[in-house]
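Following: one structure in structure tokens, then a few remarks.
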Amino acid sequence: MNNNYIPKVVRIERIFEEAPNVNTFYIKERLEFIPGQFLEISYFGIGESPISIASCPGEEFLRISFKRVGGLTNNLFDLKEGDSIGIRGPFGNGFPLGDLDEKDIIFIAGGMGMAPLRSLLKFIFCKKQGNISSLTLLYGARRPQDILYKKELEELGENIKVLLTVDKPEAGWQGHTGVVPKLLDKIELNPLNTRAFICGPEIMMRFTVAKLLKTGIPSSDIIFSLERYMKCGVGKCGHCYIADKFVCRDGPVFNYKQLSDLSPAEIL
Amino acid sequence: MISGEHMIDGYYNLKKEDLKNLLKAVIKDFRLISPQPANGADFLFQETEDSGKINLNYDITSNTLKEFFFPARETVFEYEKRKDGSVETVPGADTFKGETVFLGPRSCDIRAVYFQDCFFGKEPKDSLYWRKRDKSILISFACNKPPRKGCFCVYTNNSGPVLEKGEGFDLQFIDLAGFYLVEVGTGKGKNFIKKYGKLFKQSDEKILAKKSCIKESCLKHFEKEYNIMDIYEKLKDINLEKLWEELGKRCTNCGGCEFICPTCFCFYTQDIEHSKGKGERIRAWDSCIFSGYSRMAGGVNPHEKNSDRISRRFFCKLYNCYKWFGVFGCTGCGRCSFVCPVNLDMESFIASLMKTDRYQPLLKEL
Numbered sequence: 002m003n004n005n006y007i008p009k010v011v012r013i014e015r016i017f018e019e020a021p022n023v024n025t026f027y028i029k030e031r032l033e034f035i036p037g038q039f040l041e042i043s044y045f046g047i048g049e050s051p052i053s054i055a056s057c058p059g060e061e062f063l064r065i066s067f068k069r070v071g072g073l074t075n076n077l078f079d080l081k082e083g084d085s086i087g088i089r090g091p092f093g094n095g096f097p098l099g100d101l102d103e104k105d106i107i108f109i110a111g112g113m114g115m116a117p118l119r120s121l122l123k124f125i126f127c128k129k130q131g132n133i134s135s136l137t138l139l140y141g142a143r144r145p146q147d148i149l150y151k152k153e154l155e156e157l158g159e160n161i162k163v164l165l166t167v168d169k170p171e172a173g174w175q176g177h178t179g180v181v182p183k184l185l186d187k188i189e190l191n192p193l194n195t196r197a198f199i200c201g202p203e204i205m206m207r208f209t210v211a212k213l214l215k216t217g218i219p220s221s222d223i224i225f226s227l228e229r230y231m232k233c234g235v236g237k238c239g240h241c242y243i244a245d246k247f248v249c250r251d252g253p254v255f256n257y258k259q260l261s262d263l264s265p266a267e268i269l
Numbered sequence: 170m171i172s173g174e175h176m177i178d179g180y181y182n183l184k185k186e187d188l189k190n191l192l193k194a195v196i197k198d199f200r201l202i203s204p205q206p207a208n209g210a211d212f213l214f215q216e217t218e219d220s221g222k223i224n225l226n227y228d229i230t231s232n233t234l235k236e237f238f239f240p241a242r243e244t245v246f247e248y249e250k251r252k253d254g255s256v257e258t259v260p261g262a263d264t265f266k267g268e269t270v271f272l273g274p275r276s277c278d279i280r281a282v283y284f285q286d287c288f289f290g291k292e293p294k295d296s297l298y299w300r301k302r303d304k305s306i307l308i309s310f311a312c313n314k315p316p317r318k319g320c321f322c323v324y325t326n327n328s329g330p331v332l333e334k335g336e337g338f339d340l341q342f343i344d345l346a347g348f349y350l351v352e353v354g355t356g357k358g359k360n361f362i363k364k365y366g367k368l369f370k371q372s373d374e375k376i377l378a379k380k381s382c383i384k385e386s387c388l389k390h391f392e393k394e395y396n397i398m399d400i401y402e403k404l405k406d407i408n409l410e411k412l413w414e415e416l417g418k419r420c421t422n423c424g425g426c427e428f429i430c431p432t433c434f435c436f437y438t439q440d441i442e443h444s445k446g447k448g449e450r451i452r453a454w455d456s457c458i459f460s461g462y463s464r465m466a467g468g469v470n471p472h473e474k475n476s477d478r479i480s481r482r483f484f485c486k487l488y489n490c491y492k493w494f495g496v497f498g499c500t501g502c503g504r505c506s507f508v509c510p511v512n513l514d515m516e517s518f519i520a521s522l523m524k525t526d527r528y529q530p531l532l533k534e535l
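Protein chains in written order, with the numbering used here: chain X, 2 to 269; chain Y, 170 to 535.
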């Protein structure tokens with residue numbers, strides 16, 4: 002039995018500044034994973050944190066995007082290209098990728114929630130595009146400069162409808178203003194043929210789910226990725242459980258039906 | 170069984186005067202951990218090389234077996250940063266010194282190890298736990314006298330006073346005045362008997378029948394007021410928000426109940442830098458009662474309120490654990506009642522729950 006808490010040491014090939022206080026590490030590591038899974042990232046001497054995989058399976062580099070929010074991420078900003086970090090994983094279940102043919106797929110992201118959805122969006126866009134009825138991305142950030150993967154999103158072209166919103170617009174901003182759930186008013190939904198993938202702050206997801214349910218989308222077609230304090234990633238340390246589910250092992254991706262069936266109903 | 174052993178039938182007698190000889194032999198061949206008097210009235214599970222120090226006439230130890238397999242603090246790995254930017258890691262040394270016999274744990278202690286075996290045995294198995302656990306032999310001493318105040322193993326789905334095969338012991342000793350009836354629970358237990366075969370005599374059915382007599386007579390001393398399955402159902406079906414709020418006001422967040430609990434499994438990890446670029450990652454017990462337990466980077470805390478954390482604690486023990494493994498996260502040892510400064514131990518909680526009359530259907534919003 003291997004000591005499954007020892008991270009693999011990998012080299013940072015490239016660092017890219019996505020937005021103010023958001024960096025992406027490019028790592029050359031062949032790893033099999035599913036969009037929506039996460040890694041435990043180690044900065045030796047500081048500790049370990051769960052961070053979503055932002056790259057799509059098959060891309061040349063494994064990518065993680067992170068924001069300066071806590072002890073570990075602060076330190077990750079000190080690292081330079083060529084330095085090493087530790088990774089463990091991939092962990093979690095990932096997004097369900099089956100049964101997407103002929104569906105209207107809608108991605109709904111808030112802030113850093115765009116990182117795991119980038120992986121999924123890219124995967125569906127590249128591998129499944131021909132079979133999908135329609136693709137829509139609703140994405141909100143605090144300010145225009147906080148929008149992640151801006152250039153890539155522009156390059157997606159006509160095959161996906163992208164609606165962006167910010168809380169604090171600035172001169173020249175051509176997108177929408179206000180919270181993400183409001184973007185749902187701007188699009189037409191075919192509730193019985195829609196699959197929604199959501200990731201963002203819990204409060205944003207709560208309002209988004211409420212709105213989606215009102216349109217008549219079945220709760221099992223509303224799928225989201227949760228954030229919790231996942232210290233070990235393997236369902237042992239205890240921190241992330243919700244009712245009898247470990248978010249790190251049974252999640253982080255759940256559909257709304259699964260969560261509302263839990264007792265005690267804790268969130269959303 | 171988690172460790173993948175086959176159940177083997179086998180009952181033996183050990184003369185009481187032979188226990189000393191057995192202990193002496195075990196000390197020669199194994200590391201022995203047994204209950205010993207310490208600090209006045211307290212008993213502790215401790216390593217010993219002097220069989221004279223062992224006292225098996227005790228109620229309960231102040232420490233639990235958890236600390237041997239899942240220590241309060243242990244090194245996960247050591248690291249050293251190199252000049253070229255790379256990092257070298259070395260697995261933490263195994264501090265568990267060789268094959269170890271635990272002689273003297275009570276039934277509730279054994280059931281707690283059984284629970285942790287289930288928990289740390291679920292894939293992916295916890296290697297740090299199993300590298301110690303695999304080297305251990307558990308020899309339990311069943312209770313055969315009235316329980317002390319605060320014992321309630323009988324109500325936690327039969328965590329005592331006398332166990333049956335498959336419930337976690339390798340060997341079970343039952344005191345039958347003059348001799349012990351020794352019950353083999355696993356292959357490990359069988360090998361142990363083989364090793365010291367001279368001391369053990371095959372038992373017969375007449376003696377075996379005494380086991381159930383002992384069990385019956387011990388059970389009489391428990392005034393059964395509830396069944397833990399009722400608690401399970403109650404937790405599931407009723408809205409207890411008011412109860413959680415009341416309990417939340419009382420709890421002081423000291424975490425004592427969870428550190429002393431033989432089944433609690435939560436841990437955190439932390440890096441400790443000993444010198445520049447060199448250090449270790451440790452893991453140490455954590456407590457879900459602590460206010461920062463589930464706080465995430467950025468400050469969002471899904472369980473900010475005391476009442477939320479209290480509710481999680483009791484749900485975990487009395488509901489989740491049963492759902493996961495069919496055993497409760499409480500074996501009725503009653504240790505939490507020794508440490509809790511505000512009487513929020515498991516037995517008091519169950520009493521509050523039985524009394525609470527604010528039963529309302531669980532409100533599911535949204």
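For glycine and all other residues, C-beta sits at the position ideal for the given N, C-alpha and C.
Exercise for review: Could you tell me which chain Y residues have their CB closer than 7 Å to the CB of residue 47 of chain X, listed as they occur along the chain?
Suggested key: 440
Check your understanding: Bridge partners of residue 177 of chain X, per DSSP?
Key -> X:166
Check your understanding: Do the CB positions of residue 13 of chain X and residue 80 of chain X come within less than 8 Å of each other?
Key -> yes
**Study point:** Inter-residue CB distance, residue 256 of chain Y and residue 254 of chain X (contact presumed, cutoff 8 Å)
**Key:** That belief does not hold up - the Cβ atoms of residue 256 of chain Y and residue 254 of chain X are roughly 31 Å apart, past 8 Å.
Review point. Quick one, which residues of the stretch 500 to 515 of chain Y are near chain X if we go by CB-CB under 8 Å, in chain order?
Key: none
Point to revise | Which residues DSSP lists as bridging residue 13 of chain X, in chain order | key: X:28
Review point. Should residue 51 of chain X be labelled buried (16 or more other beta-carbon atoms within 10 Å of its own) or exposed?
Key: buried
Check your understanding: Is it right to say residue 373 of chain Y is buried, meaning 16 or more other beta carbons lie within 10 angstroms of its own, or is it exposed?
Key -> exposed
Check your understanding: Taking the continuous alpha helix (DSSP H) assigned at residue 328 of chain Y, which residues delimit it?
Key -> DSSP places residue 328 of chain Y outside any alpha helix (DSSP H), giving it a letter other than H or E.
**Study point:** Nearest candidate by alpha-carbon position, reference residue 324 of chain Y, set Y:253, Y:503, Y:425, Y:377
**Key:** Checked all of Y:253, Y:503, Y:425, Y:377; the closest Cα to residue 324 of chain Y is Y:503.
Exercise for review: Report the three-state DSSP secondary structure of residue 373 of chain Y (helix, strand or coil).
Suggested key: coil
Point to revise | C-beta neighbour in chain X for residue 252 of chain Y, strict 8 Å | key: No, residue 252 of chain Y lies away from the interface with chain X (no Cβ there is under 8 Å from its Cβ).
Check your understanding: What residues of chain X sit near residue 293 of chain Y, judged by a beta carbon separation below 7 Å?
Key -> Correct list: 5, 235.
**Study point:** Per-residue contacts from residue 232 of chain X into chain Y (C-beta, under 7 Å)
**Key:** 437, 438
Review point. Closer than 8 Å, CB to CB, is residue 217 of chain Y near chain X or not?
Key: no
Point to revise | residue 230 of chain Y at chain X interface by Cβ criterion, 8 Å | key: No - not a single Cβ of chain X is within 8 Å of the one on residue 230 of chain Y.
Review point. By Cβ distance below 7 Å, which residues in the same chain neighbour residue 226 of chain X in space, the five residues on each side in sequence not counted?
Key: 37, 117, 200, 253, 254
Exercise for review: Would you mind telling me which residues of chain Y sit closer than 8 Å to residue 1 of chain X, beta carbon to beta carbon, in chain order?
Suggested key: As shown, chain X starts at 2 and ends at 269. That puts residue 1 of chain X outside it, with no answer to give.
Practice item. Would you identify the three-state DSSP class for residue 173 of chain Y, choosing helix, strand or coil? Key: Reliability fails at residue 173 of chain Y, whose pLDDT of 40 lies under 50, so the model's placement of it is uncertain and the value that follows must be treated cautiously. Looking at residue 173 of chain Y - three-state DSSP - the assignment turns out to be coil, as it is neither helix nor strand.
Point to revise | CB-CB length for residue 120 of chain X against residue 55 of chain X, believed under 8 Å | key: 6 Å
Exercise for review: Report the neighbours of residue 50 of chain X on chain Y: residues whose CB is nearer than 7 Å to its CB, in chain order.
Suggested key: 466
Practice item. Label residue 214 of chain Y either buried or exposed according to how many other C-beta atoms from any shown protein chain fall within 10 Å of its C-beta, with 16 as the threshold for buried. Key: buried
Point to revise | Whole-angstrom distance between residue 86 of chain X and residue 44 of chain X, CA atom to CA atom | key: 6 Å
**Study point:** Same chain, Cβ closer than 6 Å to residue 308 of chain Y, neighbours up to 5 away in sequence not counted
**Key:** 272, 340
Practice item. Using only alpha-carbon positions, find the residue among Y:209, Y:416, Y:490 that is nearest to residue 510 of chain Y. Key: Y:416
Review point. Residue 476 of chain Y versus chain X: which residues are under 7 Å apart at the beta carbon?
Key: Here the premise fails: no neighbours, minimum Cβ distance about 12 Å.
Review point. Since residue 243 of chain Y contacts residue 264 of chain Y with CB under 8 Å, what's their CB separation in whole angstroms?
Key: Taking C-beta atoms under 8 Å as the contact rule, residue 243 of chain Y and residue 264 of chain Y qualify, at a distance of about 7 Å.
Review point. How about residue 463 of chain Y and residue 427 of chain Y: are their beta carbons less than 8 Å apart?
Key: no
Review point. First and last residue of the alpha helix (DSSP H) that includes residue 279 of chain Y?
Key: 276 to 290
Practice item. Taking residue 396 of chain Y as the query, report the chain X residues whose CB atoms sit under 7 Å from its CB, ordered along the chain. Key: Taking a Cβ-Cβ threshold of 7 Å, none of the residues of chain X is close to residue 396 of chain Y; the smallest such distance is about 20 Å.
Point to revise | residue 133 of chain X and residue 104 of chain X closer than 8 Å at C-beta | key: Yes, these two residues count as a Cβ contact at 8 Å.
Check your understanding: Per DSSP, which one or two residues make a beta bridge with residue 246 of chain Y?
Key -> Y:260, Y:450
Point to revise | Residue range of the beta strand (DSSP E) that includes residue 434 of chain Y | key: Per DSSP, residue 434 of chain Y belongs to no beta strand (DSSP E) and is neither H nor E.
Practice item. Can you grab the Cα-Cα spacing for the pair residue 272 of chain X / residue 106 of chain X, in whole Å? Key: No statement about residue 272 of chain X is possible, as the shown extent of chain X runs from 2 to 269 and does not include it.
Check your understanding: Are the C-beta of residue 493 of chain Y and some C-beta of chain X separated by less than 8 Å?
Key -> yes
Check your understanding: Less than 8 Å separating the beta-carbons of residue 446 of chain Y and residue 268 of chain Y?
Key -> no
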